[in-house]
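Written below as structure tokens is the structure these notes are about.
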Amino acid sequence: MNRLEVCFTLHKEINRAELSRIIRLKEQHCPRGYASHLRWINENIRDGDIHVTVKEDGCLIAYMGLIWTTVSRAGERLDFLGAGNLYVCKEKSAMGVGRFLLDSVGAYLLYKNVPSILLCRENVSDFYIKRGWNPEKPSDIYIGGQKTDCCLLSYQAPGHWHMAVHIDRSF
Ligand SMILES: CC(C)(COP(=O)(O)OP(=O)(O)OC[C@H]1O[C@@H](n2cnc3c(N)ncnc32)[C@H](O)[C@@H]1OP(=O)(O)O)[C@@H](O)C(=O)NCCC(=O)NCCS
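In terms of numbering that gives the first Met the number 0, the sequence shown opens at residue 0 and continues consecutively.
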């Protein structure tokens, strides 16, 4: 049986080699160049944000980022972990790895009692809904002041989502 390892690592504790493995995995699906991914990480990820990695026999096969974000909604401000950048290496595609990673993230959020949101394209939303994420329908969604037409899903998030939602940073 292969050794399967899920790790939740704070950004401030991740080393360069691991970051570079994450970027190479992202490059498989989003080939915009290593330097561009590194710049995005340096500009957007803070010390307390979390890198979730799945390794099989020490080899990185899947990744997701959890980024602390503040959401303003109907006059209230709430802190969430914004889940994003989910990638499974192409070699392991459609073998249940994405499902395994998302279930691990769900268990982590429940254990830590932290609410989460994610943004995705309409055609992927079913993947998340099947894993217990709730589709929300705010009137509008803004990220850093820019309107987006992504779908919003929540996980153990309180309250109502029908008003406009302002998310302070991209994740
Ligand atoms: C989307 C992605 C993470 C799925 O991971 P995976 O390991 O291939 O998926 P799994 O084998 O775990 O499939 C789990 C379920 O999701 C479904 N699914 C997989 N990819 C899907 C997609 N792109 N859209 C909708 N459903 C999808 C599967 O059919 C399966 O359904 P089932 O539970 O009814 O059998 C992976 O294909 C990937 O990295 N894609 C490129 C990056 C991306 O699109 N990330 C998501 C950004 S929001």
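We treat Cβ as the ideally placed atom computed from N, Cα and C, and that holds for glycine.
Output the boundary residues of the beta strand (DSSP E) element that contains residue i.
{"i": "A61", "result": "C58 to R72"}
{"i": "G133", "result": "It should be noted that the sequence gives Asn, not Gly, for residue 133. Counting along the chain, the beta strand (DSSP E) containing N133 begins and ends at N133 to E135."}
{"i": "N84", "result": "E75 to V87"}
Do the CB positions of residue i and residue j come within less than 9 Å of each other?
{"i": "D48", "j": "I21", "result": "no"}
{"i": "Y33", "j": "A61", "result": "no"}
{"i": "A163", "j": "S124", "result": "no"}
{"i": "Q155", "j": "L108", "result": "yes"}
{"i": "F79", "j": "I116", "result": "yes"}
Heavy atom of ligand 1 less than 8 Å from the Cβ of residue i, yes or no?
{"i": "C58", "result": "no"}
{"i": "L85", "result": "yes"}
{"i": "G74", "result": "no"}
So is residue i buried or exposed if we call it buried at 16+ other beta carbons inside 10 Å?
{"i": "S153", "result": "buried"}
{"i": "M63", "result": "buried"}
{"i": "C150", "result": "buried"}
{"i": "G57", "result": "exposed"}
{"i": "T69", "result": "exposed"}
Would you please state the rounded distance, in angstroms, between the beta carbons of residue i and residue j? I believe it to be under 8 Å.
{"i": "G83", "j": "L118", "result": "7 Å"}
Note the first and the last residue of the continuous alpha helix (DSSP H) segment covering residue i.
{"i": "G97", "result": "V96 to K111"}
{"i": "K25", "result": "R15 to H28"}
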